[in-house]
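Those protein sequence lines, which keep their order, are chains Y and W.
Sequence positions in the first sequence follow the numbering used here and run 1 to 636.
Sequence positions in the second sequence follow the numbering used here and run 637 to 1272.
By construction, the Cβ of each residue, glycine as well, lies at the ideal position given by its N, Cα and C atoms.
Written out below as C-alpha cells is the structure these notes cover.
2 protein chains.
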Amino acid sequence: MLSQPKVTDTFWRRYMDIVRDEVIPYQWEALNDRIEGAAKSHAIENIRIAAGVAEGEYHGFVFQDSDVAKWLEAVAYSLATDPNPELEKIADELIALLGKAQQEDGYLNTYFTVKEPEARWTNLRDQHELYCAGHMMEAAVAYYRATGKRELLDIMCRFADYIDSVFGVEEGKIQGYDGHQEIELALVKLYEVTGNEKYLKLSTFFIEERGKQPHFFDKESEARGDNNPFWYFGSYKYSQSHLPVREQKEAVGHSVRAMYMYAAMADLAEKTGDATLKEACKTLWDNVTNKQMYITAGIGSSEFGEAFSFDYDLPNDLSYTETCASIGLVFWARRMLNLEVNSSYADVMERALYNGTISGMELDGKKFFYVNPLEVWPEACSRHEKRHVKPVRQKWFNCACCPPNLARLIASNGQYIYTERNNEIFVNLYMGNEASFEFNGKKVNIVQKTEYPWDGAVLISVSPEAATEFTVALRIPGWCRKADLKVNGENVAVENTVNGYMYLTRTWNPDDQIELKFDMPVERMKAHPRVRENAGKTALQRGPIVYCIEEVDNGANLPNISLPQNARLEAYFDGDLLGGVVVIQAEAARLEESHWGQALYKAAEEKYQSHTLKAVPYFAWCNRKPGEMLVWLNEN
Amino acid sequence: MLSQPKVTDTFWRRYMDIVRDEVIPYQWEALNDRIEGAAKSHAIENIRIAAGVAEGEYHGFVFQDSDVAKWLEAVAYSLATDPNPELEKIADELIALLGKAQQEDGYLNTYFTVKEPEARWTNLRDQHELYCAGHMMEAAVAYYRATGKRELLDIMCRFADYIDSVFGVEEGKIQGYDGHQEIELALVKLYEVTGNEKYLKLSTFFIEERGKQPHFFDKESEARGDNNPFWYFGSYKYSQSHLPVREQKEAVGHSVRAMYMYAAMADLAEKTGDATLKEACKTLWDNVTNKQMYITAGIGSSEFGEAFSFDYDLPNDLSYTETCASIGLVFWARRMLNLEVNSSYADVMERALYNGTISGMELDGKKFFYVNPLEVWPEACSRHEKRHVKPVRQKWFNCACCPPNLARLIASNGQYIYTERNNEIFVNLYMGNEASFEFNGKKVNIVQKTEYPWDGAVLISVSPEAATEFTVALRIPGWCRKADLKVNGENVAVENTVNGYMYLTRTWNPDDQIELKFDMPVERMKAHPRVRENAGKTALQRGPIVYCIEEVDNGANLPNISLPQNARLEAYFDGDLLGGVVVIQAEAARLEESHWGQALYKAAEEKYQSHTLKAVPYFAWCNRKPGEMLVWLNEN
C-alpha cells in the first residue's frame, strides 16, 4: 500500500469529522481538566509534574498516561487524512513535554516517576506499567507514520531499549510480563516501522513467558509481602496468565486484556510463521466468535472483572460488552486477516465496526457508553446487579478508556479496508475511499463508491497506470445471500469463492470498473439454541446493521411486543432520522394491558392489539428521548 | 378455639414428622456445634458463657440468640401436638440456662452481655438487640401455651418490663426502635397471654415512632460518631423507617423486616381498632401481592439488601425470594385475616405455604435453600450477579435464619386453618385436622379429611355436642373455578359468597357432614403484562401448587422447551415420586440443536422436535439429581 486509504465514505466520514471536530478537541480539554462538571482527568498535569514544569501530586488511575497516548494516536490518524497545523502544534508541544518527562535511563511513566519512584517494576500484575508504555509506543508509531516526525518515536525506542534491558530470560533480568497486555502488540508496530528485530523478540518473550509456572505474579506478590489470593476468584484467568498461551482454548477473564493479547499473538504468528501460535489464535477465535459474542459483536458478558463468562452465557440485560472490548475485537480480526485471508474474520470485524463499537458514542460525539447492553429497562438500572448498565451515555468517565479508544479506531478506519498480499488485493470492507497500491511495479489506484451500509451497491474503479495482471479479491459478506457482480459492465458469476472471497485475477486496465450489488433484505436472525436467553426470540439485521427497538418509537414495555413469524419487514431510508438511517417497520402485536386488572397472576387468555413496530440501528440507540431498548424481540 | 387443631393431614403430617424427627434434633446439634463439616453456630455456647457456666468469647452474628429462640419456638409447637418428654427436658434445661444468662435488671442478650456490655442500646439500627428479644418472647409465649410452664414467659416478661423502662416518649427514655422489626409482633403475643396492656402500648410505641423526623438512626449514629451514609443506598428504606408507617404506600427494603412490621401493624390495627393503621396495612398488602410477589409467593426480588425491588420487577433468575420472607408473608396474611375476613389473604397464605416456604427445605429435612429462585441454570450461578443463587440446598448457613424459621412455621401450621369470630368459624385452609370450638356455650368438634393439595375433595364433619346455630364459612379458593358443595348429602349452590367465603348459617347437629369438591384442572397461568420477564410465558398451576420443570425429567437447556398454546395438560398422581406428588405431563416442543452447526447467529428457520414435558411441584424441586429448573415456560 503506497499510503493509507483516504476515506470518503458518507457513513464513516461523518464519524471521522466528529472525531476531528468534536471528540479530539473535547478530549484535549478533558485531559487538561477544563470541562466543567466532568470528572477531572489530571492526565496532562501528571505529565507536566513529571516533566518538572509544574509542581503537585499525581492524581488519577495508575494508567492515566494511556488516555493521553490514545488521544495522541487518534490525533495522528486524523492528521494523516485531515491536516491541521494547529492540532499538530498542540501534539508537538505535548511530545516535547513527554520528552522532558522521560527519565535519563529512558523510563517514561508519570505515576511511578511522580508518586512511587521506588516501586518501579515491583507490581506488574496490577500497575499497568508496560501497558502504558505500549499505548505510547502505538501513538509514537502512528505519529511518525502520519507526520514523518521522529521525536516521539525516538523517545519510545529509547524506552523500549530500556525495557529490553530490564526484562528477559537472562540472569538478572525480570522474567515477567504485564498484568494488562498491550505492549506486546505495540512492540510489533515498533518493529514494523524501525525494522529492529529486538522489539519483535521482546514481544515474543512477553507472550511466551505468560502463564508459565511457578507463576510470575505469585513470585512478584510474595516479594511484595502480599499473600492475599488474587481478587478475581483467586485466579489469573483475569489476565489470561493462568496457562501458557498455546494451552488456552477458551477466552476467559478481562475481555480487553484478552483482545490485546490475541491480537499480539496473531501479529507474532504472522511475522514469525509460528504454526502452533497460529493454531492457538484460531482456537480462541472460534471460541470468542462462536460461543461468547453478542450479535452486536459485544464481548465480555460479565461486569465482574469486565470479563468473559462462559460458553453461550449471553444475558442481554446484564451484559457488560465494553466498548473497548469490541474495539479490541476489531484489532484482533484485522490481524487474523493478515495471518489468513478468510471472510469470517472480516465478517466479525464488520459486525463490530457497525454495531458494538460505535454504539459507544452519541451521534454528536459528546457522550459515551462504556457498557453496551442489548436490553435496557432504565428503571431496572437501579438494581444492584445492573448498576453498570447506564440507560444514557455519559460525558466522561473516571476510567476514561473507551472514548479515546473509539476515537483512534474511527480515525484509523481506512486501515481495515484492504489486505495486500503479493499481487493480490483483498477488499475486506465496503467503504467509500481512495487508495493506491503498487503491483508489478505499477501504481494502481483503487476508488470505492458506495452508500453502504444502507445500500448494497458498490462501485470499485481499479485503475493501474498501465495494464497489468493482479488479483482483486472481493469479500462476499456472510450476511449476503445473493450478490451480483459485473466487471466493466459484464456479468461475472459469484461462484467458487475462496474462504469467502471472490477472486478476480486478470489483466487490469486503466479505469476498469467493478460493480457489486449485495442483496440487503431485512433478515430475522436467530441465536444458537444454546443461547437460552434468546430462545423464541429474533433479532433484525439488514446488511451488517443490527437493529433494536426503542421506547421513543414503540412505547414502554418493549418485551410485550411480539413479532409474528410471517410479518412483512419493510425497510426505508429516513434521511432526517438519526443522521440518516434505514428504518425497519413491521406489523407486530402488543400484549394488551388495559383489560387485565390488578391481579399479578391469572389463568387468563392474553389479548394482543396490533402494533406497528419501528426498529432503528442498534448503534444509534439513545440519541433521542432516553428510554427502553431491546435487540432480541419476542415472536409469536 | 378450645385448643390448637390437631393436624392429621397426609401432606402436612409428613413435614411435621420431619420437623419433629429430623429438623429439630439436627438443629439442636447444629446450635451446639456438633455437626461435622457445617459452619459453627456457637449459639448455645454463647448462652453458656453469658450464664457464667462456661468461659470463652462470643462468636457468630450479633443476632445468634435468635436462632435458639426460633428453635425453642418450633419445639414448643411440636410438643403441643407431639408430646416428647426427652425433648421437653432439653428445652427446660435450655430455659434454665437462659434464666442464668439474664442480667439482674432483666436484660437478656448474649452478644451485649459477653462482648460489648458497655454498648447496650447504642446501635439499635444495626445490632438486632430488640429483634433478639422479640424472638425469645415468641418462644416464651409458644412454650407457655404448649406446656403451661411459665419459666421462660416470666423471664421474658421481666425483660419486656425492663425494655419498657428504657424505651418510651417520657423524658430520659430512648425514643427509638430496632433496625430489625420483630419485637413489635412479639409484644402483641405477650399481651395476648398475659393480658398486660403495657406490652400492647410498647408495641404501639415502636410502630408509631418509626420513620419520624429527625430520624432516630441519625441521632443514634451521630452519638456514636458515625457519620457515614447508611450502606443501603444511603436510605432507611432498608428497615422501613424512611417514613412513618401510615405514609408508606409501597413495600421497600429488607423483605423480612417488612413482613414482621406489617404483621405487627395488622395485629395492632386489630387489637386497637385503629382504622388508619388498617388502611395502611391494606395499601401495603395490595402493593406486595399485586405488584411485587412471584407466583410462588416468593418476595424480595433483590439480593442487595435481601430486599424488595420495585413494582413488577420480578426477574426469575436473579430473584432473592428468601425462605424467611415467604414465611413472614404467611405471618402477615394470617393477621390480615384476623383483621378482615377476605379470602384474598388466605389465597396468598396458601400460595406461600404450598410453594415458596417449603421449597426452602429438602424433602428429608436435611438441607435448606435460603434463596428460592424461579429459574436456575447451575452453571450460571458462577456469575457474580447470581452468586446468591445456589443450585442445590445447603446443610446449614452462616446466617441460619431460614431453617429454624421454617421449622416453627411447619410445626405451627394448625394455627392457620381457622379464623374464629363470634359465632362464626371461617375455614381458611383445607388440611386434615381435628379441632374443637365453643359456640353458644356448646362444644363443637370439627374434623377435616382431605387429600389436598392433590385432590379437591374435602370432607368436614361439624359436630356440636348438641344442636345449635352458628356459621361455618368456607373459603372458595381463588384458583378454583367450580366448587360443589353438599351438606348432609344435599347439594348447596356455591353462590353469594362474601369476600370469597361461602357462609353456612344454620342449626348444626351432631355428625353433620359438609362435602366440598373443588375442581382442580391444570391451569396455564399468565403474569400481569407489566411483568416483562414473563411476556410470552406461562406457568403451570394445579390447585394451590405451582409447577416447574427440571433437567432430570426434561433434559438440559429448559428454555428451549416450548409449550404449545393448545397442549393437553395431563395430571396424574405418582406415589413413588418425591414422596407422592401429582405430576403434569404434556406434549411440547424442543428446539433442535443438532442441525444448527457452529454459528452463533444465523438467518435460519428454527426446527423443533416433539418433547414430552414433565412438570413437578415447585416446592419439591432439587430432590433428585441436581440441575436446571424453570417455572415460567416458553410458549409457542
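As a beta-bridge residue in DSSP terms, residue 611/Y pairs with 588/Y.
The DSSP assignment places complete alpha helix (DSSP H) segments of no fewer than 4 residues inside the region 758 to 840 of chain W at 760 to 763, 765 to 783, 787 to 802 and 819 to 830, in order along the chain. Taken atom to atom, the span from the alpha-carbon of residue 1112/W to that of residue 602/Y is near 16 Å.
For residue 917/W, the enclosing alpha helix (DSSP H) stretches over residues 911 to 927. For residue 218/Y, the three-state secondary structure derived from DSSP is helix. Using a 10 angstroms sphere on the CB of residue 924/W, the tally of other CB atoms reaches 16 or more, which defines it as buried. Within the region 286 to 303 of chain Y, 286, 289, 290, 291, 293, 295, 302 and 303 place their CB atoms closer than 8 Å to a CB of chain W, listed in sequence order. Within chain W, the residues whose beta carbon sits less than 8 Å from that of residue 530/Y are 1193 and 1229, listed in sequence order.
Taking residue 512/Y as reference, the option from 533/Y, 465/Y, 58/Y and 422/Y with the minimal CA-CA separation is 465/Y.
Residue 572/Y and residue 616/Y do not touch by the CB rule: their CB atoms are close to 12 Å apart, not below 8 Å.
Not one beta carbon of chain Y lies nearer than 8 Å to the beta carbon of residue 1245/W. The Cβ neighbour count for residue 80/Y, taken over all protein chains shown within 10 Å, is at least 16; the residue is labelled buried. The DSSP assignment places complete alpha helix (DSSP H) segments of no fewer than 4 residues inside the region 659 to 743 of chain W at 660 to 667, 679 to 686, 700 to 717 and 721 to 737, in order along the chain. Taking each of 731/W, 806/W, 813/W and 761/W in turn and checking the Cα distance to residue 780/W, the smallest one comes out for 731/W.
Per DSSP, residue 311/Y lies in no alpha helix (DSSP H) and is assigned neither H nor E.
Rounded to whole angstroms, the separation of the alpha carbons of residue 1229/W and residue 1199/W is 17 Å. Following the DSSP letters along the chain, one finds residue 410/Y inside the alpha helix (DSSP H) bounded by residues 402 to 411. Residue 240/Y has its alpha-carbon roughly 39 Å from the corresponding atom of residue 434/Y. Within chain Y, 600 and 601 have C-beta atoms less than 7 Å from the C-beta of residue 1163/W, given in sequence order. Residue 585/Y and residue 408/Y have their C-alpha atoms spaced approximately 34 Å apart.
In the DSSP assignment, the residues bridged to residue 299/Y are 293/Y.
Residue environment analysis places residue 1028/W among the exposed positions, since fewer than 16 neighbouring C-beta atoms fall within 10 angstroms of its C-beta. As computed with DSSP, residue 1122/W is found in a beta bridge with 1127/W and 1151/W. Apart from the 5 residues on each side of it in sequence, residue 1170/W sits with its Cβ closer than 7 Å to the Cβ of 1163 and 1268 in its chain, given in chain order. Contact with chain Y is absent for residue 845/W, since none of that chain's Cβ atoms lies less than 8 Å from the residue's Cβ.
Against chain W, the CB of residue 383/Y has a partner CB under 8 Å away; the residue lies at that interface. Listed along chain W is no residue with a C-beta nearer than 7 Å to that of residue 123/Y; the closest approach is about 24 Å. In terms of CA proximity to residue 49/Y, 97/Y leads the group 271/Y, 455/Y, 525/Y and 97/Y. Classified as buried, residue 933/W has 16 or more neighbouring CB atoms from the shown chains inside 10 Å of its CB. In the same chain as residue 361/Y, and ignoring 5 residues on each side of it, the C-beta atoms closer than 7 Å to its own belong to 368 and 406, in chain order. In the structure shown, residue 1085/W falls within a strand segment according to DSSP collapsed to helix, strand and coil. A distance below 8 Å separates the beta carbons of residue 815/W and residue 760/W.
By the criterion of at least three beta-carbon pairs nearer than 8 Å, the region 650 to 663 of chain W is in contact with the region 707 to 725 of chain W. For the pair residue 628/Y and residue 558/Y, the Cα-to-Cα distance works out to about 7 Å.
Within the same chain, and ignoring the five residues on either side of residue 1094/W in sequence, the residues whose Cβ sits closer than 6 Å to its Cβ are 1066, 1086 and 1152.
1255/W is the residue among 662/W, 652/W and 1255/W whose C-alpha sits nearest the C-alpha of residue 962/W.
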